[in-house]
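See structure below.
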Amino acid sequence: MVKSNKEEFQMRNLKRTLSLALAAVMLMGMMVVGAGAASKDFTDAGEIKNVEAVDVMVALGILEGGDKGDFQPNSILTREQAAKIICYMLLGEESAEKLTTNSAVFSDVAADRWSAPFIGYCVNLGILAGDGNGHFFPEGKLTGAAFAKMLLVALGYDPSIEKYTGNDWVINVAADAIEAGISPKGLVLTNELSRQNAAQMAFQTLTADMVKYDNKGTVITNADGSSIVIGNTPAESVPYNDASKNYSDDGEGLGYQQFCEKYFADLKKVTGASETDAFGRPGYSWYYGKNQNDDTKVGTYSDEADYTVVVSKASKDVAYWAEQANKKLEFVTGQNATTFKGNGMADPAGKTAILNVGDVVEFFVDGNNVEQVIVNRYTADVITEVDTDVKDADAEDGVTAYITFDNAGTFNNTDIAGYNADTYVEDAVVAIVEDGDEIIGSYVCEAVEGAITAYTSTTYTIDGTKYTKTGTADDEIAGDVDFEEGSYPE
Numbered sequence: 001m002v003k004s005n006k007e008e009f010q011m012r013n014l015k016r017t018l019s020l021a022l023a024a025v026m027l028m029g030m031m032v033v034g035a036g037a038a039s040k041d042f043t044d045a046g047e048i049k050n051v052e053a054v055d056v057m058v059a060l061g062i063l064e065g066g067d068k069g070d071f072q073p074n075s076i077l078t079r080e081q082a083a084k085i086i087c088y089m090l091l092g093e094e095s096a097e098k099l100t101t102n103s104a105v106f107s108d109v110a111a112d113r114w115s116a117p118f119i120g121y122c123v124n125l126g127i128l129a130g131d132g133n134g135h136f137f138p139e140g141k142l143t144g145a146a147f148a149k150m151l152l153v154a155l156g157y158d159p160s161i162e163k164y165t166g167n168d169w170v171i172n173v174a175a176d177a178i179e180a181g182i183s184p185k186g187l188v189l190t191n192e193l194s195r196q197n198a199a200q201m202a203f204q205t206l207t208a209d210m211v212k213y214d215n216k217g218t219v220i221t222n223a224d225g226s227s228i229v230i231g232n233t234p235a236e237s238v239p240y241n242d243a244s245k246n247y248s249d250d251g252e253g254l255g256y257q258q259f260c261e262k263y264f265a266d267l268k269k270v271t272g273a274s275e276t277d278a279f280g281r282p283g284y285s286w287y288y289g290k291n292q293n294d295d296t297k298v299g300t301y302s303d304e305a306d307y308t309v310v311v312s313k314a315s316k317d318v319a320y321w322a323e324q325a326n327k328k329l330e331f332v333t334g335q336n337a338t339t340f341k342g343n344g345m346a347d348p349a350g351k352t353a354i355l356n357v358g359d360v361v362e363f364f365v366d367g368n369n370v371e372q373v374i375v376n377r378y379t380a381d382v383i384t385e386v387d388t389d390v391k392d393a394d395a396e397d398g399v400t401a402y403i404t405f406d407n408a409g410t411f412n413n414t415d416i417a418g419y420n421a422d423t424y425v426e427d428a429v430v431a432i433v434e435d436g437d438e439i440i441g442s443y444v445c446e447a448v449e450g451a452i453t454a455y456t457s458t459t460y461t462i463d464g465t466k467y468t469k470t471g472t473a474d475d476e477i478a479g480d481v482d483f484e485e486g487s488y489p490e
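Residue numbering for the sequence shown follows the working numbering, beginning at 1 and increasing consecutively.
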């Protein structure tokens, strides 16, 4: 459809000032704004959902990005890529890079293939195998179950004892993966595995218990060539009682040895009042190094709120929305009084603070007592320029573009949490939370196309569906809108 100059002006004006929000869209944006030291530097950072896992695995040198500065979080993991991950987990980056091989183990894996040393190492440990006919299929896509099997063996589980072969291998692997805590919630192990889900599984393996067998029994070979193990003892967690070497300062996993304690002794998880994210949420930090300081910090990650509410009515305060979350919630006064923060800053208005439509309110509770209230308020802004002519000094720091917003100003793409080069383009309407020289949360707004058939000071009806404006929308825009078909940001 060709628009007149007047319509073009009105559309651009609308894009700059109007923010219509669906609760589900706002909540989705809130849930993915976090970014750590590594993940936010990738050009496709906005596609990374398993931020903590990617950050830690990159910091350990187990995973890395592509030649173009992207991570490709949704590409499917291959068998040879999985072999490399396992080698880096077991040997560390420096030793894994020194692996070599002079012979071809499989007909489709030449000795000079980049993955040959990793494949050979995993085959020797019984972590990987071919098809029995001399083929490995290095570029074959991997399922979650196949990767879980590799991780379980790395933890010490014996594939023969645990029956990780044969017709029921997937069932046996799935049961042990869930029990060991390495299977992410909601992940279907029989599906092909993306890189970021592989990162999540490997990350969860870091804090899983190492296991051992007091007696591995005897292998009996049947007439048909199959084998069984008899007389073995069950796998048991490896005792480890040195509290000074525990990976977590809160005693998590104490008494047993976790994978990271054996292979990455310098990886530490630190909790405490000072470990909060950019929004002020309580949380924890990962460090990788001899000492815990800014140079060794991997990133800070928030705890999950006990209750999350998206404000859908105007002129209501925090106390009202607490009651909507749970009628039994109580605010605390005195020494352990409830704390209130809005976009990371203390809010003296506390429970009487009036909230805007579209605000996301998180309640952190102990029993029915509210310990902390976090209010996240996004403002709609439009990208007016994307400049990829980056200074050399900035490029060395990972900057690939300067992003200019109509109201917020210009930022390095690495200072925008949630940035995605594919979607943060000129004229894109972005919901942002600004904090000085950084944008600590952002997401590109969805667009609704259709004819506006009705409006009030707080709502617009487009093709029969009513949308509520956020508290930051401009009420005066309604008088300037022609009821023409167009594209309107939510």
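Glycine is no exception: its CB is placed at the ideal position from the N, C-alpha and C atoms.
Once you ignore the five residues that flank ALA53 on each side, which residues in its own chain have a CB closer than 6 Å to its CB? ALA199, GLN200 and PHE203
SER274 by DSSP, collapsed to three states: which one? strand
Tell me the DSSP secondary structure of LEU355 in three-state form. strand
Taking LEU193 as the reference, which of GLN372, LYS149 and GLY358 has the closest Cα? LYS149
C-beta atoms of TYR288 and THR296 nearer than 8 Å: yes
Reference CYS87; option with closest CA among VAL298, SER107, SER75 and ASN124: ASN124
Segment limits, alpha helix (DSSP H) that includes ALA447: Per DSSP, ALA447 belongs to no alpha helix (DSSP H); it is in the beta strand (DSSP E), 447 to 455.
Please state whether DSSP places VAL123 in a helix, a strand or coil. helix
To the nearest angstrom, report how far apart ALA180 and LYS268 are at their CA atoms. For the pair ALA180 and LYS268, the Cα-to-Cα distance works out to about 20 Å.
According to DSSP, residues forming a beta bridge with TYR402: ASP387 and ASN412
From SER95 to ALA393, what does the alpha carbon distance come to, in whole angstroms? When rounded, the distance between both Cα atoms is 31 Å.
To the nearest angstrom, how far is it from the Cα of ASP214 to the Cα of ALA223? 28 Å
6 Å CB neighbourhood of GLN257 in its chain, flanking five on each side removed: MET210, VAL238 and TYR240
Taking DSSP as the reference, what is the three-state secondary structure of GLN196? helix
Spatial neighbours of GLY217 in its chain, beta-carbon cut-off 8 Å, leaving aside the 5 residues before and after: So the qualifying residues of the chain are ILE161, VAL229, ILE230, GLY231, ASN232 and THR233.
Can you tell me the Cα-Cα spacing of THR352 and SER302, whole angstroms? 25 Å
State the DSSP-derived secondary structure class of ILE48, mapped to helix, strand or coil. coil
Using 8 Å for Cβ pairs, my map puts LEU355 next to VAL370. What's the rounded Cβ distance? Going by Cβ atoms, the distance from LEU355 to VAL370 rounds to 15 Å, so no, they are not a contact pair.
Just to confirm, is the Cβ distance from THR384 to GLU446 under 8 Å? no
Those residues which DSSP pairs with ALA263 across a bridge: For clarity, residue 263 is Tyr in the given sequence; the question names Ala instead. TYR263 is not bridged to any residue.
Where are the alpha helix (DSSP H) runs, 4 residues long or more, that stay fully inside the stretch 159 to 237, in chain order? Every alpha helix (DSSP H) of 4 residues or more that sits fully in the stretch 159 to 237 is shown, in chain order, as 169 to 180 and 195 to 206.
Outcome for GLU330 when other beta-carbon atoms lying within 10 angstroms are tallied against a minimum of 16: Under this definition GLU330 is an exposed residue.
What is the rounded straight-line gap between the Cα of LEU189 and the Cα of ALA82? Each residue's Cα considered, the two are about 15 Å apart.
Roughly how many whole angstroms lie between the Cα atoms of ALA314 and ASP359? 10 Å
Count the other CB atoms within 10 Å of the CB of MET57; is the residue buried (16 or more) or exposed (fewer)? buried
Within the stretch 281 to 365, note down every full beta strand (DSSP E) run reaching 3 residues or more, in order along the chain. Every beta strand (DSSP E) stretch that sits fully inside the stretch 281 to 365 and reaches 3 residues is listed by chain position as 282 to 288, 297 to 302, 307 to 310 and 339 to 342.
Do you know whose CA, among GLU236, SER226, GLU261 and ALA235, lies nearest ALA492's CA? The structure shown does not extend to residue 492, since the chain is modelled only from 1 through 490, so no value can be given for it.
Do ASN412 and VAL399 have their C-beta atoms within less than 8 Å of each other? yes
Report the CB separation of SER107 from GLY134 in whole angstroms; it is logged as a contact under 8 Å. The C-beta separation of SER107 from GLY134 comes to about 5 Å, placing the pair in contact by the 8 Å criterion.
Can you pull the DSSP bridge partners for SER115? DSSP, once it has assigned bridges, lists no residue as partnering SER115.
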